[in-house]
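Novice: A single structure is presented below for examination.
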């Protein structure tokens, strides 16, 4: 009789222990891209991050981290977004488990972001965006620009279809009051 009483709690304990040890991981994992990330981006620039804030989206189900930036040197802008205040923000998931990107305020980065026409934002993702901390960018900017020219050999870069941009008078030009 005693072994039966001991057996049932032991089985329950093993099941509970195995559930906690073998939980499904939600970590971000990325496949190695076939072409350089800079060649897949819609917007490539050297930027300095000025501030950050968090915003909930879609009724609080998705949390975004938004980075404001100063544009230091523009390398490529497929949709001509750099001149508008609305696009002086980089949106990324707040969680690194969802492939969100972490940037430091005051740091200078070479970034390659994507324009998402559904959200009308420039977005960063750990798997699909170029994010590289950079120092001494003034001396290196033309070398980096030369590397962008190498993207012309990739069909994905030259034949990418253009997203439909929002039309209207709500876009405010950078530098206007």
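Residue numbers (mature numbering (1 follows the signal peptide of the UniProt record, and there is no 0)): -27 to -1, 1 to 150.
Backbone N, C-alpha and C define an ideal beta-carbon position, used for all residues, glycine too.
Computed from a prediction, not measured in an experiment: that's the story for all the values here.
Given this structure, state the Cα-to-Cα distance separating residue 56 from residue 121, to the nearest angstrom.
Specialist: Cα to Cα, residue 56 sits roughly 20 angstroms from residue 121.
Novice: Quick check on residue 53: does DSSP put it in helix, strand or coil?
Specialist: Coil at residue 53, not helix or strand.
Novice: Since residue 28 contacts residue 39 with CB under 8 angstroms, what's their CB separation in whole angstroms?
Specialist: Contact flag correct, Cβ pair sits at about 6 angstroms.
Novice: Bridge partners for residue 82 per DSSP, in chain order?
Specialist: Partner(s): 20 and 106.
Novice: Which residues does DSSP pair with residue 118 in a beta bridge?
Specialist: Bridge partners of residue 118: none, in fact.
Novice: Could you tell me if residue 125 is buried or exposed, where buried requires 16 or more neighbouring beta carbons within 10 angstroms of its beta carbon?
Specialist: Classification for residue 125: exposed.
Novice: Does residue 70 come out as helix, strand or coil in the three-state DSSP assignment?
Specialist: Here residue 70 sits in helix by DSSP.
Novice: Are the CB atoms of residue 23 and residue 50 within a distance shorter than 8 angstroms?
Specialist: Going by C-beta atoms, residue 50 is not nearer than 8 angstroms to residue 23.
Novice: For residue 98, which residues from the same chain have a beta carbon less than 6 angstroms from its beta carbon, with the 5 sequence-adjacent residues on both sides left out?
Specialist: Contacts found: 72.
Novice: In terms of residues, what are the limits of the beta strand (DSSP E) holding residue 95?
Specialist: First-last of the beta strand (DSSP E) with residue 95: 94 to 96.
Novice: Shortest alpha-carbon distance to residue 81 belongs to which of 21, 8 and 11?
Specialist: Checking every option, the nearest Cα to that of residue 81 belongs to 21.
Novice: Among 25, 86, 78 and 60, which residue has its Cα nearest to the Cα of residue 16?
Specialist: The candidate whose alpha carbon is nearest that of residue 16 is 86.
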